[in-house]
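Single-structure report; data block below.
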Amino acid sequence: MPEYTYEPLEIEPKWQAVWQERHSFRTPSDPEELRAKPKFYVLDMFPYPSGAGLHVGHPEGYTATDVVARMKRMQGFNVLHPMGWDAFGLPTERSAVREGLHPAEITERNIETFRRQIQRLGFSYDWDREVNTSSPDYYRWTQWIFLKLYERGLAYMADVPVNWCPALGTVLANEEVKDGVYVETGDPVERRLMRQWMLKITEYAERLLEDLDDVDWPESVKEMQRNWIGKSHGADVQFAIDGGDETFTVFTTRPDTLFGATYCVLAPEHPLVAKITSEDQRAAVETYVSEAAQKTDLDRTDLSKEKTGVFTGAWAINPVNDDRIPIWVADYVLMGYGTGAIMAVPGHDERDHEFAREFGLPIIEVVSGSDVPIGEAAFIDNQDGVLVNSSGKDGFSIDGLKVPEAIARITAWLEERALGRGRVQYRLRDWLFSRQRYWGEPFPVVHTDDNEVAPVPEDWLPVGLPEIDQFRPTEDGRPPLARAGDDWLRVELPDGRHGTRETNTMPQWAGSCWYYLRYLDPHNEEQAWSKEAEDYWMPVDLYVGGVEHAVLHLLYARFWHKVLFDCGLVHTKEPFQRLFNQGMILAHSYRDVAGKYHHPSDVEERDGHFFSLSSGAGLETQIEKMSKSKLNVVNPDEVIAAYGADAMRLYELFMGPLEVQKPWQMKDVEGVNRFLQRVWRLVVDEKSGELNPKLSEVPSSSEPELERTLHKTIKKVSSDTETLQMNTGIAQMMIFVNEATVCPTLPRGILTTFLRLLSPYAPHLCEELWQRLGEPKLIAHAEWPSWDPDLCIDDTITVVVQVNGKKRDELQVARDADRESLERLALASEKAQKFIEGREPKRVVVVPGRLVNIVV
RNA sequence: GCCGGAGUGGCGGAAUGGUAGACGCUGGGGACUUAAAAUCCCCUGGGUGUAAACCCAUGUGGGUUCGAAUCCCACCUCCGGCACCA
200 MPEYTYEPLE
210 IEPKWQAVWQ
220 ERHSFRTPSD
230 PEELRAKPKF
240 YVLDMFPYPS
250 GAGLHVGHPE
260 GYTATDVVAR
270 MKRMQGFNVL
280 HPMGWDAFGL
290 PTERSAVREG
300 LHPAEITERN
310 IETFRRQIQR
320 LGFSYDWDRE
330 VNTSSPDYYR
340 WTQWIFLKLY
350 ERGLAYMADV
360 PVNWCPALGT
370 VLANEEVKDG
380 VYVETGDPVE
390 RRLMRQWMLK
400 ITEYAERLLE
410 DLDDVDWPES
420 VKEMQRNWIG
430 KSHGADVQFA
440 IDGGDETFTV
450 FTTRPDTLFG
460 ATYCVLAPEH
470 PLVAKITSED
480 QRAAVETYVS
490 EAAQKTDLDR
500 TDLSKEKTGV
510 FTGAWAINPV
520 NDDRIPIWVA
530 DYVLMGYGTG
540 AIMAVPGHDE
550 RDHEFAREFG
560 LPIIEVVSGS
570 DVPIGEAAFI
580 DNQDGVLVNS
590 SGKDGFSIDG
600 LKVPEAIARI
610 TAWLEERALG
620 RGRVQYRLRD
630 WLFSRQRYWG
640 EPFPVVHTDD
650 NEVAPVPEDW
660 LPVGLPEIDQ
670 FRPTEDGRPP
680 LARAGDDWLR
690 VELPDGRHGT
700 RETNTMPQWA
710 GSCWYYLRYL
720 DPHNEEQAWS
730 KEAEDYWMPV
740 DLYVGGVEHA
750 VLHLLYARFW
760 HKVLFDCGLV
770 HTKEPFQRLF
780 NQGMILAHSY
790 RDVAGKYHHP
800 SDVEERDGHF
810 FSLSSGAGLE
820 TQIEKMSKSK
830 LNVVNPDEVI
840 AAYGADAMRL
850 YELFMGPLEV
860 QKPWQMKDVE
870 GVNRFLQRVW
880 RLVVDEKSGE
890 LNPKLSEVPS
900 SSEPELERTL
910 HKTIKKVSSD
920 TETLQMNTGI
930 AQMMIFVNEA
940 TVCPTLPRGI
950 LTTFLRLLSP
960 YAPHLCEELW
970 QRLGEPKLIA
980 HAEWPSWDPD
990 LCIDDTITVV
1000 VQVNGKKRDE
1010 LQVARDADRE
1020 SLERLALASE
1030 KAQKFIEGRE
1040 PKRVVVVPGR
1050 LVNIVV
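Whatever position you read off the first sequence (first residue = 1), add 199 for this note's numbering.
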């Protein structure tokens, strides 16, 4: 029994303690030091410290960024690699209510768990820069940025239809609601009209769209943001109401189809509805409007339902031909988009077509080219379709034009007569920025007794959360902060006015909108960050996190950053230069016929089938998202206990490409664990504990084959780490170790070079072996190796001989063999001759270094 | 419906116009051992064959090419996003 085996549980805490004591990963802040080296800012999406602790999905991205951070440090960069906590939020507040504790206590407890779990993985974070969004010296600056938004007119209060979630007792942002329910909990959401804080993100729509072109992000995320912003080109067109002075404006992307408009529709909330409805239609319209108001978003957006609507009794005048067309009210038109009113062209819009057929309204063809009669289906072609039936008053006609030209012509015509104008419309709405919660940033504003909104002076910040006895809304439905006593609520402003503090709080997203800036200068008590630090470190060079924030955090943070840019507080237009989304880690779950889930520890495999150990029942296995209810959550603590942090880190990256979804398979951790043991044995003789006797001071070139493999490995690991293709980099290191294991002697230089390559991936093991090899410094501070291109190519290479594209033989040739000799050798090949069957080669394709293809 | 991504052994996955299945897991065989574990070595896509070999094979069907997992067209399936946005 060897006594000196690889014991990760002994060496890992040892090196973690060393790094911590020596502050080995403290980010330089001395200006001299900063100037001396280029910078690299590598950032993780900081976690929300929930009560459940980490699962193995969290450290996947953290491990990838840590490997990059460690390599960059070794390559001579000043590296900023921080970690912190996105700590305000609803789940914590709910736990606090449930457990009867203060949310701050729950937060502190959860952070301690998260920090302990993260630190056990040996990440090279600069813990001196840890931030916590719920701490007053952090949210002070969140409030300060809010004041900047307010000063610039980008924060305003308005009576708006909001997403109200009765189960949670708060409003939610559009981005947090999907299919009529809150995305996090599935609780239904209803429409309500409430006075709330809004942020004018729409003012930045164009820049948020345009600047996507300048960042190195996954195309899918850019596309999601583009869709969310939803830019469309079109025109506003004015319609007069027959027999009155009223007019209304519609927005359309297809002004060319104006001659095909056979009716108009107003949204039920449109202010004109009540005014124009005729007496005999009034009862029907009022019933329809009040029913629509009571519907949830889910009901209203249910596509499978039939179109509904009611005629107002009023008529509009089509401005191009003075036709009288009826005005309807229908809930398929949304008040929140465009003008809340549309012209309906059933011939060329599917929704209008469906509605027209439902209510027997006329359908006119104005764009030709459809295969089926226009009465059967709407015809959509905005490129090659040709206009027909489109001649109106004053001799104006767009007949015979293709759609794009027709759009230009009719838009110009409308503009000349002041009947309309070309316009760009965005789908993006302003950001609903207040919540009726306790555990969030208080707004730094006061409602004065004379009904004005007044920002508090900057030197009053932070506006701290008041101590209250219950974290629930008041009995009369006001937010929890309204429970605070007058000593908090009532204030006198410097100008002598009295008022009451805002009792809403900011949403969870506020703190994460700028945390990457606080890391630059986290202890600054005078400013949110210093200009020098911002100048040096920004932008973030690499940002890694889950794709679930594609249109939430990432859009909000870009918006704030652009505002800060306009304030002259940051110097880059975009905060995150390169973004990478890691894929979700899934896990096997086991379910019996009754649908009950069984924990993996209760599962036994026999001949490829699964059975419950406790009941003997047969089980089905499936790969699913990890969740408590499915009993398939893998905790990093158990992996570390069994294999150590280095094996855990290595497996996280070896599982497969970082960006794809993949299942955790505990058996596979065994493979990387064996690899680490083999590395250990390259250095340590397990029987004696001394250095491996095969280690020798001879030059690297005395093992030429291994030296070549080493240089190929340096090259591959360097580039695969940079591009985050770490699974193949690790595979290459395994190839090296397999070769080194069977090598009769191990030149010491080869081994120390290899350990430097492996050290970002398995830092504890490599520090230990580095020390045992007598190296005085930490390997974390060693220099990253470089490769010799000549040593990355073999002297003799294998060239494939194909006949008609099929592999028939292999040739061992010198690496610089020329075309002629390759062709001669290939034609001489016996195996190839057999398939040539004496025929004359029509053509011989020679790819030097690769293959020869003989075509007969 | 629209937009994006993906389909390769028993499993995770390599290969982005040039030897399909690197590396790892699983399974099988062998060495060492009193034995087991660990370790080390060999084999492990399917088919025909004693063998040497040969044939088939990257979701399906076509195409381009000397040569296609890779490029093009059509289709199928799965995953993700958006969705009455005028």
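Virtual Cβ for every residue (Gly too), placed ideally from N, Cα, C.
With contacts defined as CB atoms closer than 9 Å, Y338 and T332 qualify as a contacting pair.
Assignment of L753 by DSSP, reduced to helix, strand and coil, places it in the helix class.
According to DSSP, residue pairing for E819 in a beta bridge involves R790.
The beta carbon of H798 is closer than 7 Å to those of L830 in its chain, skipping five residues each way along the sequence. Buried is the label assigned to C463, since at least 16 other Cβ atoms lie within 10 Å of its Cβ. Straight-line spacing of the CA atoms in R700 and W638 works out to 16 Å. Closest in C-alpha terms to M865, from the list F874, D1017, E1039 and E851, comes E851. DSSP places C965 inside the alpha helix (DSSP H), whose first and last residues are P962 to R971. Nearest C-alpha to L346 among S900, P641, D884 and K976: P641. By the Cβ rule, the stretch 236-253 counts as touching the stretch 283-290, because three or more pairs are nearer than 8 Å. Below 8 Å, too few C-beta pairs join the stretch 427-434 and the stretch 553-569 to call them touching: fewer than three. Taking a contact as a CB-CB distance under 8 Å, the pair V361 and V370 counts as one, their CB atoms being some 4 Å apart. Assignment of S567 by DSSP, reduced to helix, strand and coil, places it in the strand class. Sequence-distant Cβ neighbours of S711 in its own chain, meaning closer than 6 Å and more than five residues away, are D285 and H752.
A distance of 9 Å or more separates the beta carbons of G260 and G928.
Secondary structure note for Q480: its alpha helix (DSSP H) is the uninterrupted segment E478 to Q493. A Cβ-Cβ distance of about 6 Å is found for the pair E906 and I949, placing them in contact under the 8 Å criterion. As DSSP reads the structure, R777 sits in a beta bridge with D415. Only residues of its own chain outside the window of five on either side were considered, and among them S729 have a CB closer than 7 Å to the CB of N723, listed in chain order.
Taken in chain order, the complete alpha helix (DSSP H) segments of 4 residues or longer contained in the stretch 283-327 are 289-298 and 302-318. DSSP lists E691 as the beta-bridge partner residues of H697. Distance from the CA of D593 to the CA of A605, rounded to the nearest whole angstrom, comes to 17 Å. In the DSSP assignment, L586 is bridged to V566.
Residue pairing by DSSP places F450 opposite D435 in a beta bridge. Shown here, K399 sits in coil according to DSSP, grouped into three states, outside any helix or strand. Below 8 Å, enough C-beta pairs join the stretch 575-595 and the stretch 542-550 to call them touching: three or more. Per DSSP, D919 is not a residue of any beta strand (DSSP E); the alpha helix (DSSP H) it occupies stretches across P903 to E921. Only residues of its own chain outside the window of five on either side were considered, and among them A354, L398 and V762 have a CB closer than 7 Å to the CB of L348, listed in chain order. In the DSSP annotation of this structure, the continuous segment of the alpha helix (DSSP H) that includes R848 starts and ends at A844 to F853. Taking each of L208, W214, A749 and T204 in turn and checking the Cα distance to H963, the smallest one comes out for W214. In the pairwise beta carbon analysis, the stretch 987-999 is classified as not touching the stretch 937-954: fewer than three pairs are separated by under 8 Å. The residue from P672, W736 and P525 with its alpha-carbon nearest to that of P281 is W736. For S294, the number of other beta carbons within 10 angstroms of its own is at least 16, and it is reported as buried.
Excluding five sequence positions before and after V1044, the CB atoms of its chain that fall closer than 6 Å to its own CB belong to N1052, given in chain order. Sorting P237, Q876, V1000 and D791 by C-alpha distance to the C-alpha of V1012 places V1000 at the top. Put simply, the backbone Cα of D765 is about 59 Å away from that of V883.
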